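The structure appears right after this line, and notes come after that.
In the working numbering, the protein residues as written are 1 to 748.
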């Protein structure tokens, strides 16, 4: 098979036979695999300057010490030459020839050539790529060979397809490359000027107007800032005008064309019609409104009528105004004119810039170096509070209902504190009712011994007074004051303001309250009330143990004497004293500084715990009363069920089984009562003898005496306390623990 051989890079086929006995090898030349022999490199067999004798695949020089193909060594390396061509013009009177300029590119990687003609404005010639990139053959008679790099130089003529190109210059890279491969560069030539273009240029310069054409190129600004908008939060205060008010606005400044758009922010239920825009997008003049102009007054250029005539055939001539005498000057707002805190003129309206968004801040920081952005509040100052004066109370109905009739045309009922009612209303075992034992302070001898129970309801701050019925007292007891809110004394009845009522904080043991003209002294409180006050010491400071003990510490100098007084009162050395003695000692120590509520708080803190276990007979009597009311007598069936459950026949069952059988039989006893009775019959192992248990509950076989209600105020003080007997809040107090905590006295 014949090997491909390209012109200009072949070897001698007609040489002697000894030619074929030389060392040969395969290689690449111009991207073609071919058989080459070892010949001397260079041009005409002469070595180039600084070139070593090596096997060459191409006539191009390569870097020393490499055997890579030429297309790898010269990839993306192009020689550039400047050339021109003289074209004859025979059909025009103005010119005989024309000079056309070209760029010749020689690609070193594959010996391809491309010729381009730069575009000239208004030339009338098709320009661009004149010869596409490919290998160009030499002119005849050497048309079997192709152009190489050695065919190029400066100030020479080169023929491409019968067209002569005169190379007059090349770039620095091309000069450097040609010098390295050993090409001797000619001096650069001169490029002649096209006579027609010269004549056209002179004509254009001659006919150029006095004022040159002004171009307004906004494409760069549009491409750079398209979609970027500055946003300011503004305020227009129009409250000085009739029916005017403050309007919140948002200003958008479009950086692409320096236009401004303003939108109005309407609050809910403002009563205004929603408008799409407060100011449509346009350039905003600084000094507006400028007035109304005729069409054609505002133009970019001013035109003068140079000559004219009344004749219809005469053509008028015009020229641009050099001095711009009739041009109207207008100044529009730019981004440099906008800043937080400044005011702008929006067609006669003064708009204050109060704040801006984060993008606007970053824009001004980067472009103008502004760091501080002190925002201004857009909210209107609160209007002066107008004091509403209501007519005085007439005495009909409640004060709240009378006031509601003055607020609106259609009276609405008074709204109570529903949240407080739900939180403080009684539920379960929590009553949320403060009960106090009180006596009536009066000069009448018949009313001195009267006792009362005052109940204060926390849910609605109402108060009720009840007088216990005492036999043979001569006084009819019962409800003394129904549940109602009680006004504080000394208030005017017919007034515009609402009256003040007694609060829970005013009630404590030892306090005196005036209930509709009756003066009561609070002597004691129930357990729930005392616990409630001790849990809420912020509202009831007299129930704070820390504040009460602090008053006792003031008498620390008499600590030894106080201890001797308590020891003398404890003659039996029981380390405790009764409540009356304890109260008298504390009263004498503090000289009346402690009130009764504080003494009760200290006594409750150091009281001796009492055994509150209920007698089993009392529990069984309560159970009998429940069983009798419900006529329950089915004890034999329950015992038979217990015998069935007792597999080991020990006559005992666990407590949970007994309770389960009682529930299954529907014994009409509460869980608490049933649990208390079961705990009394339970042995150490948690077993209950069911025969004895149900025998005790059988109210027909084992009858118990009926329960009797304990008389009211069963337990009295032995001596006189504040002139009247009263229930004892605490029986005994551990005085040694009190002395140790207050004075640090140890037991001897």
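Built from N, CA and C at the ideal position, the CB exists for glycine as well.
Here the structure is a predicted model, which means the values were calculated and not measured.
Check: Could you tell me which whole alpha helix (DSSP H) segments of length 4 or greater appear in the region 178 to 235?; Outcome: 195 to 206 and 219 to 225
Check: Taking contact to mean 3 or more Cβ pairs, one atom from each stretch, closer than 8 angstroms, check whether the region 431 to 438 and the region 389 to 406 are in contact.; Outcome: no
Check: In terms of residues, what are the limits of the beta strand (DSSP E) holding residue 158?; Outcome: 156 to 160
Check: Which residue spans inside the region 589 to 658 form an unbroken alpha helix (DSSP H) run of at least 4?; Outcome: 596 to 605, 616 to 630 and 635 to 645
Check: Excluding the 5 residues flanking residue 100 on each side, which residues of the same chain have their C-beta closer than 7 angstroms to its C-beta?; Outcome: 84, 85, 87 and 117
Check: Are the CB atoms of residue 106 and residue 78 within a distance shorter than 8 angstroms?; Outcome: yes
Check: If the criterion is Cβ atoms closer than 8 angstroms, does the pair residue 161 and residue 189 meet it?; Outcome: no
Check: Tell me the DSSP secondary structure of residue 531 in three-state form.; Outcome: helix
Check: Where are the alpha helix (DSSP H) runs, 4 residues long or more, that stay fully inside the region 396 to 475, in chain order?; Outcome: 399 to 407 and 418 to 424
Check: For residue 292, name the three-state secondary structure that DSSP assigns.; Outcome: coil
Check: Tell me the residue span of the alpha helix (DSSP H) that contains residue 562.; Outcome: 559 to 569
Check: If you draw a straight line from the alpha carbon of residue 91 to that of residue 196, how long is it in whole angstroms?; Outcome: 14 angstroms
Check: Of all the options 193, 551, 635 and 628, which has the alpha carbon lying nearest to the alpha carbon of residue 742?; Outcome: 551
Check: Using a Cβ-Cβ cut-off of 7 angstroms (strictly less than) and excluding sequence neighbours within five positions of residue 286, which residues of its own chain qualify?; Outcome: 331, 332, 333 and 345
Check: To the nearest angstrom, how far is it from the Cα of residue 126 to the Cα of residue 200?; Outcome: 19 angstroms
Check: In or out: residue 347 buried (at least 16 other Cβ within 10 Å) or exposed?; Outcome: exposed
Check: What residue range does the alpha helix (DSSP H) around residue 261 cover?; Outcome: Not the alpha helix (DSSP H): residue 261 falls in the beta strand (DSSP E), residues 259 to 265.
Check: Would you decide whether residue 762 is buried or exposed? Buried here means 16 or more other CB atoms lie within 10 Å of its CB.; Outcome: Any question about residue 762 goes unanswered here, given that the chain covers just 1 to 748.
Check: With respect to the beta strand (DSSP E) encompassing residue 492, which residues constitute its N-terminal and C-terminal limits?; Outcome: Where residue 492 is concerned, there is no enclosing beta strand (DSSP E), given that its DSSP letter is neither H nor E.
Check: With distances taken Cα to Cα, identify the nearest neighbour of residue 124 among 98, 112 and 114.; Outcome: 98
Check: Answer yes if the region 629 to 646 comes into contact with the region 664 to 681, meaning at least three C-beta pairs across the two stretches below 8 angstroms, and no otherwise.; Outcome: yes
Check: Can you give the Cα-Cα distance for residue 658 and residue 703, rounded to whole angstroms?; Outcome: 22 angstroms
Check: In the DSSP assignment, find the alpha helix (DSSP H) that holds residue 361 and state where it starts and stops.; Outcome: 358 to 368
Check: Anyone know if the C-beta pair for residue 579 and residue 734 falls short of 8 angstroms?; Outcome: no
Check: Give the secondary structure of residue 732 by DSSP, where H, G and I count as helix, E and B as strand, and everything else as coil.; Outcome: strand
Check: With residue 674 and residue 627 assumed to form a contact (beta carbons below 8 angstroms), what rounded beta-carbon distance in angstroms separates them?; Outcome: Residue 674 to residue 627, Cβ: 12 angstroms. No contact.
Check: Contact between the region 378 to 387 and the region 363 to 370 is defined here as three or more beta-carbon pairs at a separation below 8 angstroms; is this criterion met?; Outcome: no
Check: Could you check which residue in 104, 473 and 237 has the C-alpha nearest to that of residue 131?; Outcome: 104
Check: Could you tell me which residues DSSP puts in a beta bridge with residue 170?; Outcome: 81
Check: Expressed to the nearest angstrom, what Euclidean distance is found between the alpha-carbon atoms of residue 147 and residue 228?; Outcome: 56 angstroms
Check: Can you tell which of 81, 202, 89 and 411 has the C-alpha that lies nearest to the C-alpha of residue 177?; Outcome: 81
Check: Let me know the secondary structure DSSP gives residue 137 once reduced to three states.; Outcome: strand
Check: Determine which residues share a DSSP beta bridge with residue 112 and list them.; Outcome: 107
Check: Just tell me which of 384, 274, 239 and 431 has its CA closest to the CA of residue 762.; Outcome: Residue 762 cannot be examined here, being either before or after the span of the chain that is shown, 1 to 748.
Check: Which partner residues does residue 478 have in the DSSP bridge list?; Outcome: 467
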